[in-house]
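> Once you've had a glance at the structure underneath, I'll fire off some questions.
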Amino acid sequence: MANRILIAGGSGLVGSELTAFLIKKGHLVRWLSRTPKVYQHIVECFSWNPEDLSIDENALQGVDIIINLTGESIAGGRWTKKRKNSILESRVNSIKTIVNALKRLNHKPKLWINASAIGIYGDQGEKILDEESQFMGTDFLSKTVQEWENYSVEQISPVVERLILSRIGLVVSEKGGFLRKLMSTNKFGATIGFGPGKSYCSWIHIKDLTSIFHFLINNEQSEGVFNITSPNPIKMCDLLSKIHELNPCSKIKITLPAGLIKIILGEMSDVLLSGNYVIPLKLIQYKYNFNIIQIDEAILEIVDSQKI
Numbered sequence: 067m068a069n070r071i072l073i074a075g076g077s078g079l080v081g082s083e084l085t086a087f088l089i090k091k092g093h094l095v096r097w098l099s100r101t102p103k104v105y106q107h108i109v110e111c112f113s114w115n116p117e118d119l120s121i122d123e124n125a126l127q128g129v130d131i132i133i134n135l136t137g138e139s140i141a142g143g144r145w146t147k148k149r150k151n152s153i154l155e156s157r158v159n160s161i162k163t164i165v166n167a168l169k170r171l172n173h174k175p176k177l178w179i180n181a182s183a184i185g186i187y188g189d190q191g192e193k194i195l196d197e198e199s200q201f202m203g204t205d206f207l208s209k210t211v212q213e214w215e216n217y218s219v220e221q222i223s224p225v226v227e228r229l230i231l232s233r234i235g236l237v238v239s240e241k242g243g244f245l246r247k248l249m250s251t252n253k254f255g256a257t258i259g260f261g262p263g264k265s266y267c268s269w270i271h272i273k274d275l276t277s278i279f280h281f282l283i284n285n286e287q288s289e290g291v292f293n294i295t296s297p298n299p300i301k302m303c304d305l306l307s308k309i310h311e312l313n314p315c316s317k318i319k320i321t322l323p324a325g326l327i328k329i330i331l332g333e334m335s336d337v338l339l340s341g342n343y344v345i346p347l348k349l350i351q352y353k354y355n356f357n358i359i360q361i362d363e364a365i366l367e368i369v370d371s372q373k374i
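67 is the number of the first residue of the sequence shown in my numbering; add one for each residue after it.
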C-alpha cells in the first residue's frame, strides 16, 4: 500500500537515501525544507523554519506518515553553552512546529518516526544495552537525548496513532557517515585512532537503516523505542585494525592520545572517546533480516567506492 510520507531533514545522508528507497517501494514522498526551491526537482517540497515555528501547512495535508530526522549536528564544533542549547532546541522546535500544525489542521497521521540516538545510553563499557535497559548515561549527549525523547513522547503521542523513537547508531555508507570519515586519512597512508580504543562502536549500514524504516512502516504492531544498530558492535581498536588490514593504502596506524583530544575538543571529545554496546533486541524479536551484519563488508565497500 502506498503511503504519503513527509520527511523533515530529507536532504541529509539518511534522508536522501531513505527518500530514494521509499519512492522505489511505491510511496509518495515529500520534504519539509528551509529552501524548498533548491530541492523541488528531486521531490515535492514545502517550506518551513523551525526556528520561528513556521510551516506551510499544505505539507501535512493527507499525510499518512511523518519521519523527522532534523537536528543540529553534534559534531559541528566545541560544545559551548550556546551550542548545547542549540543542539536541543533544534530538535524540540522541529517537533513543536509540526505538532502545532497538526493540531490546527485536526489531522492525525498513522505513524510518526522520530530520530533519536544511541547516545542516550552513555558510555557503559561492555554492558549489553537494549531497549529494555533502564539506566541511561549522565553526560551531556545522553541527557540531551533523554530530554528530547521525553518531549517527543509527551508532544507527539496525542497527535498520531503510532509513535516510534528510532535510536540510530553510527551510520555507515560509502557516501558519508562516520566510517568514511574515519577512513579518509587512508589516502595519506595512515589509519588514525583516538585514545585506547576500548569503547564499542554500535553501527548501522545505510542499506539496513532505510530498510528498517520501511520494515517498521509496514509492521503496524511496531511502536515505541527501537535500537537501529547492527547486532554486531565492534571495539574501536578492532575496527581500526580491520581498516588497516583491508585497505592496502593504509601503511601505518597512529593513535592520538585521549588527553590531546580532550584539550582540542573539550567535552565534545566524548563523541570520539566513548561508546556503547547496543543490541537491536526488538528488531531481532520482530525478525528483521539484516543485510549487512559484519563491518568488513562496509569497509571494503568504501575502499572500492573511493579507490583509496
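Idealized CB from N, CA, C, for every residue including glycine. Being a predicted model, the structure only gives us computed values, none of them experimental.
Whose CA, out of VAL238, ASN252, GLY332 and VAL226, lies closest to the CA of LYS147?
On the sequence shown, position 81 is the one that residue 147 refers to. It is GLY332.
> Hey, LEU375 and GLY259 are a contact pair by Cβ (cut 8 Å); roughly how many whole angstroms apart?
The shown model of the chain, from 67 to 374, leaves out residue 375, and the question about it has no answer.
> Counting along the chain, where does the alpha helix (DSSP H) carrying HIS280 start and finish?
Within the sequence shown, numbered from 1, the residue matching residue 280 stands at position 214. Start and end: 272-284.
> I need the straight-line Cα distance from SER77 to LEU88, nearest angstrom please.
Locating residue 77 in the sequence shown gives position 11, counting from the first residue. Locating residue 88 in the sequence shown gives position 22, counting from the first residue. If you take the alpha carbons of SER77 and LEU88, they lie about 14 Å apart.
> Going straight from the alpha carbon of TRP252 to that of ASP362, what length do you get?
For the purposes of this step, residue 252 is identified with residue 186 of the sequence shown, where counting begins at 1. For the purposes of this step, residue 362 is identified with residue 296 of the sequence shown, where counting begins at 1. Strictly speaking, residue 252 in this sequence is Asn, with Trp absent from that position. Those two C-alpha atoms are separated by around 16 Å.
> For LEU135, which of TRP269, ILE320, VAL158 and LEU126 has the nearest alpha-carbon?
Start at 1 with the first residue of the sequence shown, and residue 135 comes out as number 69. That would be VAL158, whose Cα lies nearest to the Cα of LEU135.
> Could you pull out every unbroken beta strand (DSSP E) segment of at least 3 residues lying fully inside the segment 173-241, listed in chain order?
Runs found: 177-183, 229-234 and 236-239.
> Give me, in chain order, the residues of the same chain whose beta-carbon lies closer than 6 Å to that of GLU215; leave out the 5 immediate sequence neighbours on both sides.
The residue labelled residue 215 in the question sits at position 149 within the sequence shown. These residues qualify, in order along the chain: SER182 and LEU231.
> Quick one: give me the first and last residue of the beta strand (DSSP E) that SER113 is part of.
Within the sequence shown, numbered from 1, the residue matching residue 113 stands at position 47. Note, SER113: beta strand (DSSP E), 110-115.
> Taking the DSSP output, what are the residues bridged to PHE260?
What you label residue 260 is simply residue 194 of the sequence shown in a count that begins at 1. The partner list for PHE260 (beta bridge, DSSP) reads LEU322.
> Using the Cα positions of ILE374 and GLU123, report the straight-line distance between them to the nearest angstrom.
Numbered from 1 along the sequence shown, position 308 holds the residue referred to as residue 374. Numbered from 1 along the sequence shown, position 57 holds the residue referred to as residue 123. In this prediction, ILE374 has a pLDDT of 44, which is less than 50 and means its spatial position is unreliable; what the coordinates show is noted afterwards. Approximately 46 Å, taken between the alpha carbons.
> For GLY290, which beta-bridge partners are listed by DSSP?
Along the sequence shown, one-based indexing puts residue 290 at 224. Its beta-bridge partners are ILE230.
> With DSSP collapsed to three states, give me the class of ALA364.
Residue numbering aside, residue 364 sits at position 298 when the sequence shown is read from its first letter. Helix, per DSSP.
> Can you tell me which of the three DSSP states VAL129 falls into?
Counting from one through the sequence shown, the residue named residue 129 turns up at place 63. In the structure shown, VAL129 sits in coil (DSSP, three-state: anything other than H, G, I, E or B).
> Three or more C-beta pairs closer than 8 Å, one from the segment 342-350 and one from the segment 222-231: is that the case here?
Contact fails: fewer than three Cβ-Cβ distances are below 8 Å.
> For GLY188 versus THR204, is the C-beta spacing smaller than 8 Å?
To locate residue 188, count along the sequence shown from 1; it is residue 122. To locate residue 204, count along the sequence shown from 1; it is residue 138. Going by C-beta atoms, GLY188 is nearer than 8 Å to THR204.
> Quick one: what's got a C-beta closer than 7 Å to ASP196's C-beta in the same chain, skipping five residues either side?
Locating residue 196 in the sequence shown gives position 130, where the first residue counts as 1. These residues qualify, in order along the chain: ASN293, ILE345 and LEU347.
> Could you tell me how far apart the beta carbons of PHE279 and ILE133 are, in whole angstroms, since I believe they sit closer than 8 Å?
Mapped onto the sequence shown, residue 279 falls at position 213. Mapped onto the sequence shown, residue 133 falls at position 67. Rounded, the Cβ-Cβ distance is 7 Å, consistent with contact.
> Measure the C-alpha to C-alpha separation of GLU367 and LEU177 and round it to an integer number of angstroms.
As a position in the sequence shown, residue 367 is number 301, starting the count at 1. As a position in the sequence shown, residue 177 is number 111, starting the count at 1. Going from the Cα of GLU367 to the Cα of LEU177 covers about 33 Å.
> Using a Cβ-Cβ cutoff of less than 8 Å, which residues in the same chain neighbour LEU322 once the five nearest sequence positions on both sides are dropped?
For the purposes of this step, residue 322 is taken as residue 256 along the sequence shown, with counting starting at 1. Excluding residues within five positions, the ones whose Cβ falls inside 8 Å are ILE258, GLY259, PHE260 and GLY261.
> Could you tell me the distance, in whole angstroms, from the CA atom of ILE73 to the CA atom of VAL219?
Against the sequence shown, residue 73 aligns to sequence position 7. Against the sequence shown, residue 219 aligns to sequence position 153. Approximately 19 Å, taken between the alpha carbons.
> According to DSSP, is GLY81 helix, strand or coil?
Stepping through the sequence shown from its first residue, residue 81 is reached at position 15. GLY81: helix per DSSP, three-state reduction.
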